[in-house]
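To start, the structure itself, in structure tokens.
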Amino acid sequence: IVVMNEGMIQQIGSPIDIYNEPENRFVANFIGESNIVEGHFIKDYLVEWHGQQFECVDKGFEEGQEVDIVLRPEDLDIVEPGRGKIAGEVVSVIFKGVHYEIMVRTENQDYKIHTTDLTEVGKKVDLDFWPEDIHVMEPMGTY
331 IVVMNEGMIQ
341 QIGSPIDIYN
351 EPENRFVANF
361 IGESNIVEGH
371 FIKDYLVEWH
381 GQQFECVDKG
391 FEEGQEVDIV
401 LRPEDLDIVE
411 PGRGKIAGEV
421 VSVIFKGVHY
431 EIMVRTENQD
441 YKIHTTDLTE
451 VGKKVDLDFW
461 PEDIHVMEPM
471 GTY
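Note that my numbering has the sequence shown beginning at 331, numbered continuously upward.
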């Protein structure tokens with residue numbers, strides 16, 4: 331598959347590669363829903379956003395480089411407070427047929443989560459994820 335934006339090739343790869351490792355913000359949003367945060371690449375296998383550092387599986391960026399980070403809605407887990415990596419509050423729940431689309435507001439931004447577990451609006455929660463759920467890419471601005 332070739333993903334193009336205004337006549338310019340953004341990424342070439344298999345559907346799985348493009349979905350799992352988008353090269354930029356345009357591709358991440360084009361191929362599926364995404365939570366995108368601006369952060370910094372601390373060093374190989376370590377990124378930072380909103381003042382917190384997280385282990386990841388990415389390498390090869392410059393130390394301290396500004397990056398965009400993708401967290402897919404299906405890769406985020408809602409867990410009890412104190413058991414996850416980012417604290418927040420459920421602000422909306424929409425039933426989508428096979429899953430719920432839940433928005434969690436944190437101190438710095440809202441995150442979209444796709445889950446089969448129902449959680450009520452107003453509940454304090456944490457968000458949890460694994461290093462392989464973090465996808466680091468070159469910053470590209472907002473589309």
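For every residue, glycine included, the Cβ atom is placed at its ideal position computed from N, Cα and C.
The alpha carbon of K454 has as its nearest neighbour, out of P403, V434, W460, V332, the alpha carbon of V434. Straight across, the Cα-Cα distance linking I464 with E378 is about 11 Å. Assignment of R355 by DSSP, reduced to helix, strand and coil, places it in the helix class. E404 carries a helical assignment under DSSP once its states are collapsed to helix, strand and coil. Around I339, the same chain offers V332, V333 as residues with beta carbons nearer than 8 Å, after the five sequence neighbours per side are excluded. In this structure, I408 places its C-beta atom within 8 Å of the C-beta atom of I432. When the five nearest sequence neighbours on each side are left out, the beta carbons in the same chain lying within less than 7 Å of the beta carbon of G343 are those of I331, in order along the chain. Secondary structure note for I348: its alpha helix (DSSP H) is the uninterrupted segment 345 to 350.
Put simply, the backbone Cα of F356 is about 25 Å away from that of I416. Minimum Cα-Cα distance from H370 among the listed residues E351, I361, G381 corresponds to G381. Distances from the CA of N365 to each of G337, P403, S422 were compared; the closest alpha carbon is that of P403. Under the three-state reduction of DSSP, F391 is assigned to coil, being neither helix nor strand. In the DSSP assignment, F459 falls outside any beta strand (DSSP E) and carries neither an H nor an E.
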